[in-house]
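This report concerns only the one structure given below.
Protein chains: 2
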Amino acid sequence: MDIKMRSDCPISCSLDIWGDKWSLLIVRDLMFSKQCTYGDFLKSGEKIATNILASRLQMLEMNGVITKQDHPESKAKVLYKLTQKGIDLLPIMIEINLWADKYFTLSAERKEMLAEVKKDKGAFIKEKTIELQKHTN
Amino acid sequence: MDIKMRSDCPISCSLDIWGDKWSLLIVRDLMFSKQCTYGDFLKSGEKIATNILASRLQMLEMNGVITKQDHPESKAKVLYKLTQKGIDLLPIMIEINLWADKYFTLSAERKEMLAEVKKDKGAFIKEKTIELQKHTN
DNA sequence: ATTTGCACTTGCAAAACGCAAGCGAATTTA
DNA sequence: TAAATTCGCTTGCGTTTTGCAAGTGCAAAT
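Those protein sequence lines, which keep their order, are chains A and B. Quick note on numbering: the first sequence equals residues 1 to 137 in the UniProt record's numbering. Quick note on numbering: the second sequence equals residues 1 to 137 in the UniProt record's numbering.
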């Protein structure tokens, strides 16, 4: 598994890393849930297959979007965290949410978060970024 | 080819439509180039295969992101255009560009556009949106 | 000492991808 | 007006990726 760059276009380069149906769902879980272990990702609503999850985690780690950490409670568990490169995907994730808000029917829970985003997008990003940076070693 | 929704998550729903390596490159061409015909998409730097292009165009049209129009010059040609739903992907595209700007080496041409974006993101989106809406029938 | 939990890996069938060639209609060229 | 070219796809087919189920090895709990 290696990185094949199709062109030097920024959109293309980005898609080469996370342009599939699953990668951004992993990033989503790391951003908006407390889900951080392999097993937690598997519990997400979209039911990712274990082998796909493993290959995406490897891809995202190889490209510096996420990192593995020791779990404080147990050697058997692994904690996945966003790197700064991963945290910087937050504005993209927010815009995707806002787009979906306009064209799909969202759950009340999501609409609540988006209401806060719409109030002051810049502030939300700043706060959330700091929160995500907190537990980075 | 039908729409399979994996969950009601906005990120997931969005990825169900354009979560692949090619769809956003088509949207990119419609946004940032004057490329609008089938043949023009094929000329893009990433060298999309003809059958993949056809299936993505069909998918995007079915999901209301793009539309076909008659070409003013010839019946043999087809003009592809972004719908409002497609135009509304602009903020996402911009954020992807900004993310890539931070983590990849971009061409001078792209950096130039991004300099304008960084000056006033809101203004850029507003202007570009109006420009894209202009030639919509 | 045995069972359970966790993070993967493996095997295999099905689907998607990628390349090249082909095809029908519209347009241009000779 | 006939032949060649352009255009927007479609088709065949080999390769790659996906998705499902089962299995493996280590750690931790019982």
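Where a beta carbon is used, it is the ideal one built from N, C-alpha and C, also for glycine.
Taking C-beta pairs closer than 8 angstroms, name the residues in chain B that M93 (chain A) reaches, listed in chain order.
Those are I11, listed as they occur along chain B.
- prompt: Which residue's Cα is closest to the Cα of Y80 (chain B): B:T136, B:K21, B:W18, B:D20?
  reply: When only C-alpha atoms are compared, the closest one is B:T136.
Between which residues of its own chain and T67 (chain A) is the CB-CB distance below 7 angstroms, once the five residues before and five after are set aside? Spatial neighbours of T67 (chain A) in its own chain (CB-CB distance under 7 angstroms, excluding positions within 5 residues in sequence) are listed in chain order as E61, K81, T83.
Stretch-stretch touch, CB-based, cutoff 8 angstroms, three pairs: the region 24 to 41 of chain B with the region 83 to 95 of chain B: Judged by pairs of C-beta atoms under 8 angstroms, the region 24 to 41 of chain B touches the region 83 to 95 of chain B, as three or more such pairs exist.
message = Which residues in chain B have a C-beta closer than 7 angstroms to the C-beta of T103 (chain A)? List them in chain order.
response = Residue identity differs from the one stated: residue 103 (chain A) is Tyr in this sequence, not Thr. For Y103 (chain A), the residues of chain B that pass the 7 angstroms Cβ criterion are K85, in the order they occur in the chain.
Next on the checklist: Please list, in chain order, the chain B residues whose beta carbon lies closer than 8 angstroms to that of D40 (chain A).
Outcome noted: Correct list: empty, because the minimum Cβ distance to chain B is about 15 angstroms.
inquiry  = With a threshold of 8 angstroms, are at least 3 pairs of Cβ atoms found where one atom belongs to the region 96 to 114 of chain A and the other to the region 43 to 57 of chain A?
reply    = Cβ pair count under 8 angstroms is below three, so no.
### Where D20 (chain A) sits in the DSSP three-state scheme
In this structure, D20 (chain A) counts as coil in the three-state DSSP scheme.
Checklist entry - Just reading off the beta strand (DSSP E) that V78 (chain B) is part of, what are its end residues? => result Bounds of the beta strand (DSSP E) holding V78 (chain B) are 78 to 82.
Residue range of the alpha helix (DSSP H) that K68 (chain A) falls in? For K68 (chain A), there is no enclosing alpha helix (DSSP H); the residue is part of the beta strand (DSSP E) that begins and ends at 66 to 70.
Inset, instruction - Go ahead and pull the three-state DSSP assignment for S14 (chain B). - result: In the structure shown, S14 (chain B) adopts helical secondary structure according to DSSP, grouped into three states.
Tell me the residue span of the alpha helix (DSSP H) that contains D8 (chain A). Annotation for D8 (chain A): no alpha helix (DSSP H) segment contains it, and DSSP assigns it neither H nor E.
message = I'd like the span of the alpha helix (DSSP H) that includes L90 (chain A), first residue to last.
response = Per DSSP, L90 (chain A) belongs to the alpha helix (DSSP H) from 90 to 103.
Item to complete: Anything in chain B within Cβ reach of N97 (chain A), meaning under 8 angstroms, just list it in chain order.
Response: Near N97 (chain A) (Cβ distances below 8 angstroms), the residues of chain B are P10, I11.
Task: Option nearest K134 (chain A) by Cα separation, candidates A:M31, A:S14, A:K75, A:D20 - done: Here the closest residue by C-alpha is A:M31.
_Could you compute how far the alpha carbon of K128 (chain A) sits from the alpha carbon of K128 (chain B)?_
K128 (chain A) and K128 (chain B): Cα-Cα distance of roughly 29 angstroms.
Check: What residue from A:K47, A:C9, A:S33 has the CA that sits closest to E109 (chain A)'s CA?
Finding: Nearest of A:K47, A:C9, A:S33 to E109 (chain A), Cα basis: A:S33.
Checklist entry - Excluding the five sequence neighbours on either side, which residues of its own chain have a C-beta within less than 8 angstroms of the C-beta of L42 (chain B), listed in chain order? => result For L42 (chain B), where only same-chain residues beyond five positions count, the Cβ hits under 8 angstroms are I48, T50, L53.
Say whether chain B places a C-beta atom closer than 8 angstroms to the C-beta of L15 (chain A). It does: the Cβ of L15 (chain A) has a partner Cβ on chain B nearer than 8 angstroms.
If you run the structure through DSSP and keep just helix, strand and coil, what is G86 (chain B)?
Three-state DSSP puts G86 (chain B) in a helix.
Straight-line CA distance for Q69 (chain A) to Q58 (chain A)?
-> Looking at the two C-alpha atoms, the distance is approximately 14 angstroms.
Whose C-alpha, out of A:E131, A:I94, A:S12, is nearest the C-alpha of K121 (chain A)? With distances taken between Cα atoms, K121 (chain A) lies closest to A:I94.
Environment of P10 (chain A) [buried if 16+ CB atoms lie within 10 Å]: Buried, since its Cβ has 16 or more Cβ neighbours within 10 Å.
Length of the line joining the Cα atoms of W18 (chain A) and E73 (chain A):
Those two C-alpha atoms are separated by around 30 angstroms.
Could you compute how far the alpha carbon of H71 (chain A) sits from the alpha carbon of R6 (chain B)? Those two C-alpha atoms are separated by around 30 angstroms.
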